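See below for the structure under consideration.
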Amino acid sequence: MRLGEALKRLRERAGLSQREAAYRLRYNYQKLSRIENGQLPEYHGMRAMLDLYGVLVSEEAPYIEMWERASEKGWWHPYGIENHGYISLEHDAVRVSAFSLGYIPGLLQTESYMRAVFQGWQVQRSRKWIENQVAVRVRRQERLASGLQYHAIIAEAAFPQADREQLLHINDAGQRANVSVQVLPNAAGLNDGFNGSFLLLDFAYPGDMTVLYVEHPAGAAHVEDVEQVKASRLVFKHLSKLALAPDESAEWIGRLAAER
């Protein structure tokens, strides 16, 4: 889908309608529409689109990489995860900004905390399902070691269920140069964070927009509307100003760990 969106933006930048582009590519209109909505094009067909849309050979590499990634099944496929939407986005992101109101964020969770979260869900799951979820979440955390820029703002309300091991784990992660952790204390008063948790994901592909990701009881929503994403980024920036600085947050978490 992200490749299709990128090709659509290139077509629009070239000033071509879908019908005009399809005619020049010798495609029918419906085929080009399907590609722009997420159907993987054949390799040479994609190269023809890039040429038609004015992309220089020296600028093709990011689009070829997108095509190659889209052609492969993600590493998470064998785990039988129902909804791959967020994991695939996170896998491709270069920066994740997360605000968490009620839980420690997944990329900062210990395995024992993960199991407690999954076992506490209303819908009962099998042990195998839970272990698969834990394995996927642990694998996702490898992104922190490979340079993913990660900024987490965690509301104080998320900490009561975190044991000493979990608290120390957060501070260990926060020592990485690419990881920033802030605590939003109750003393900050009423603020936009009470509207709920959300994530913002940024990508390195040319022209790629930021994605706003929001979970809800019935599933999740991916939002790419420019104005809604912009508003959410402003909220995140505001919450960051209200929160304790990273070093102050580490001290706060350290004191809490000493009491556990």
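The opening residue of the sequence shown carries number 800 in our numbering; numbering runs sequentially from there. Backbone N, C-alpha and C define an ideal beta-carbon position, used for all residues, glycine too. None of the values given here were measured: they were computed from a predicted structure.
Taking all protein chains shown into account, decide if H876 is buried (16 or more other Cβ within 10 angstroms of its Cβ) or exposed. Exposed: under 16 other Cβ atoms inside 10 Å.
Beta-carbon within less than 6 Å of Y852's beta-carbon, same chain only, minus the 5 sequence neighbours each way: which residues are those? Excluding residues within five positions, the ones whose Cβ falls inside 6 Å are L809, R810 and A813.
Rounded distance between the beta-carbons of R894 and E1001, thought under 8 Å: Checking the sequence shown, residue 1001 turns out to be Asp, not Glu. So it is a contact: roughly 4 Å between Cβ atoms.
Below 8 Å, how does it come out for the region 1026 to 1040 and the region 930 to 948: are there three or more Cβ pairs, yes or no? These segments do not touch.
Taking just the CA atoms, how far does Q974 sit from D1046? Rounded to the nearest angstrom, the two C-alpha atoms are 10 Å apart.
Let me know the beta strand (DSSP E) ranges lying completely inside the region 957 to 1011, each 3 residues or longer, listed in chain order. Taking only runs of at least 3 residues, the beta strand (DSSP E) segments lying wholly in the region 957 to 1011 are 978 to 983 and 997 to 1002.
Less than 8 Å between the beta carbons of A1042 and L983, yes or no? Judged by their CB atoms, A1042 and L983 are nearer to each other than the 8 Å cut-off.
Nearest to A1017 by alpha carbon, out of P861, R833, W920 and G873? Scanning P861, R833, W920 and G873 for the CA closest to the CA of A1017 turns up W920.
Using CA atoms only, rank isn't needed, just tell me which of Q908, G873, K872 and Y842 is closest to Y862. For Y862, the closest alpha carbon among the candidates Q908, G873, K872 and Y842 is that of Y842.
Evaluate E858 with the Cβ neighbour count: other Cβ atoms within 10 Å of its Cβ, from every protein chain shown; 16 or more gives buried, anything less gives exposed. Answer is exposed; the Cβ neighbour count stays below 16.
Determine, using beta carbons only, whether E910 and V937 come nearer to each other than 8 Å. Result yes, Cβ atoms of E910 and V937 sit closer than 8 Å.
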